[in-house]
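A short worksheet on the structure shown next.
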Amino acid sequence: MLNMFDDIKNLWTHKFLLVSLIAIMLIPLIYSSVFVGSLWDPYGKTDQLKISVVNNDNGGEVNGKKTNIGNDVEDNLKDNDKFKWEFVNQETADKHLEEGNSFAVISIPSDTTKHAGSMLDKNPKKIDFNVKTNPGYSYTGSQIASKAVTAVEDNLSSSVREKYISESFKGMNKLTDGYKDTSKALGQMSDAESQLIDGNKQVESGLEQLAPMAGAEGQQLLQGSMQVSQGLNDLQQNNDKLKQNIDKAIKQSEDQNFNEKNVKAINSPVVSNEDDLTEVDNYGQSFAPYILSLSLYVGAVAFSAVYPIDKRIGESTGFKWWLSKFTIFMMQAIGSALVLTILCLYGFEIEIANPGYFTLTLLLWSIAAYMIVTFLTVVLGNIGKFLAIILLILQLGSSEGTFPIQLSGKIFQDLHPFSPMSYVIKALRENIFNFTSDVSYGQSMLIIGLIAIVFAALTLLVYVVRSKYPHLRRLANENDY
C-alpha cells in the first residue's frame, strides 16, 4: 500500500517541487484576482471618464425669444455626474483627445440656436453637432463615451422641445384668456341687443297706432321697424350661438393646464420601469464565471509544465502508479478550487445565491480540467501540453464567457456545445444569479462530471498499458524532443 503514495513521499524530499506546487495551486487565485479585480466595476466609474465639450453657439431667437441653446446644454451637463465634463475650446479639446486625457470631443456649432429657431419655418434646419473619439487609444473607452454623446443629444433635443412647448403653452393660455374676454363681450353685446329689441318693440307699438293716420308712408315705417327688430333678433341669436361655442371650448380647456409642469411632462413623457430577471451589481460579478473557469484550467496547464506527470516513482503496478499520481492531481485540483472559493466569498464578496453549488461547481471543474490536461500530457508529453493550450484557446472563443455566442463567428458557435467551459460558465452563472438557463445546473454538472471520469479512466488506462509495455513509455518520452 505504501507505494501507492510514492509521489506524496517524494514531494517531502524535493522541497522546491513542493513549493512550486503550492505556488501553482495559487495561480487560479492570482489570475482571478488580477482580472476580476481590474474589471470589477468600470461602468460605475464613468464619472472619472473625461468628455470634452466645445460650445460655439452664438445664440439667437426661438419663437421670438432670445436664448442660447448651447449654454442651456452646458448648464444641464454641469449637473450630470455620469461623466467628467470639461468645457474648453476646440484646440484644447482635440489635444486632450489625442493624448488620451479625454475620450470624446463634442462640438456644439455656432448656428445651434439659429437652427433651433427654424423649426416652424418652411425649410426647418436640424442641429448638426460634431463628435470625435479616439478608438485607437481605447476602443472600450470610446464605446462608453458614446453614452456621453447620447446625453448631449438628449439635452439638445430636450432644450429645443421645451422652448417650443413652453411658447406654445403660453399661446394657449393667452388664447384661453382671449376666449373668456370674447365670451364676456358677446354676453354684454347680447344684453345690449336685448335692450335695443325692447326699445324697437316700443317704437313698433307707436307706429302701429300712427300707421292708419299716416297712410302708406306710416306703413313703410312700421315694416322697416319690424325688419330692424328681426335683424336684431337674428344678430342676438348668432351672438348667443357663438358665445355657446366659445363657452364650450372654455369648459373643455378648464381641466387642461399649460404650466411648467406640463411642459416638462410632455417634453419627457416616457418613464421606463426595469424589472430584471436577475440582479447584477457590477461588471466584475458578471465577468467572474468566465475568469474563474478559465483560471482553473490555466492552473492545470501550469501544473503539467512543472510536475513530472509521466515520471514513475518506485516500482508498482499500473493502477498504483496512476493512484499515486491521481492523489497529487486531486490535492492540487481541490486546493485550487477551495482557495478560489474563499477568494470569491470573502475577498471579492460576490453575492452568490447558492454558495454550496458554487463551491461544488468549482471543485468539479477543477478536477475535470486537471484530468483533461494530465491525460494529454501523459499520452503525448510536450505535444499534449501544446494541445491542452490549443484547447484552452478554442474555449476562450466558444464558451460564451463575455459576449452572447450569437455574436461570435460561426466556427465558435459550432464549437460552443463541445466546449467544457461552456457548461462551467452556465453553472456558475446559475449559482451566482439564481436562474435556470437553457442547460440546467444538474445537466451541466453531469457533463462536467462525465468529462472528469472519462479522462481519469483514460489516464488510468495509459498508466496500466505503459506499466505492462515499458517501451511505449520510452517512445512517448522520445516524442518530447
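Quick note: the sequence shown, position 65, residue 68 per the numbering used here, numbers continuous. Using N, Cα and C, we set each Cβ at its ideal position, and we do this for glycine too.
As for any alpha helix (DSSP H) of minimum length 4 sitting wholly inside the region 53–93, the runs are 72–81, ordered along the chain. By the Cβ criterion, the region 296–316 is in contact with the region 20–33, since at least three pairs of Cβ atoms, one from each stretch, lie closer than 8 Å.
By the Cβ test, the region 409–427 is not in contact with the region 332–344, since fewer than three Cβ pairs between them sit closer than 8 Å. Scanning I454, K471, S208 for the CA closest to the CA of W324 turns up K471. Burial of P423 is indicated by the presence of at least 16 other C-beta atoms within 10 angstroms of its C-beta.
DSSP places K314 in the coil class of the three-state scheme, outside both helix and strand. A straight-line Cα-Cα distance of about 52 Å links F38 and S121. Under the three-state reduction of DSSP, S110 is assigned to strand. Within the same chain, and ignoring the five residues on either side of S307 in sequence, the residues whose Cβ sits closer than 6 Å to its Cβ are V376, T380, K388. Going by C-alpha positions, N437 is about 7 Å away from N357. Inter-segment contact for the region 53–67 and the region 109–117 is present: three or more beta-carbon pairs are separated by less than 8 Å.
The continuous beta strand (DSSP E) containing K135 extends over residues 133–135. Judged by beta-carbon spacing, S105 lies beyond the 8 Å limit of S35, meaning their Cβ atoms are not closer than that value.
By the C-beta density criterion, N241 is exposed, having fewer than 16 other C-beta atoms within 10 angstroms. Separation of L453 and V304 (C-alpha to C-alpha, rounded to the nearest whole angstrom) is 20 Å. Annotated as proximal: H118 and K128, with beta-carbon spacing under 8 Å.
Annotated three-state conformation of P420 is helix, per DSSP. Secondary structure of T330 (DSSP, three-state): helix. Relative to the Cα of D82, the nearest Cα in the group D50, H419, K68 belongs to D50. Beyond the five residues adjoining it in sequence on each side, A372 comes within less than 6 Å, by CB distance, of L299, Y300, A303 in the same chain, given in chain order. With 16 or more other Cβ atoms inside 10 Å of its own Cβ, E433 counts as buried.
Cβ atoms of N158 and V76 come within 8 Å of each other, at about 5 Å. Inter-residue distance for D194 and Q222 is about 29 Å (C-alpha atoms, whole angstroms). The continuous alpha helix (DSSP H) containing A372 extends over residues 358–383.
If you draw a 10 Å sphere on the C-beta of V465, you find 16 or more other C-beta atoms in it, and that means buried.
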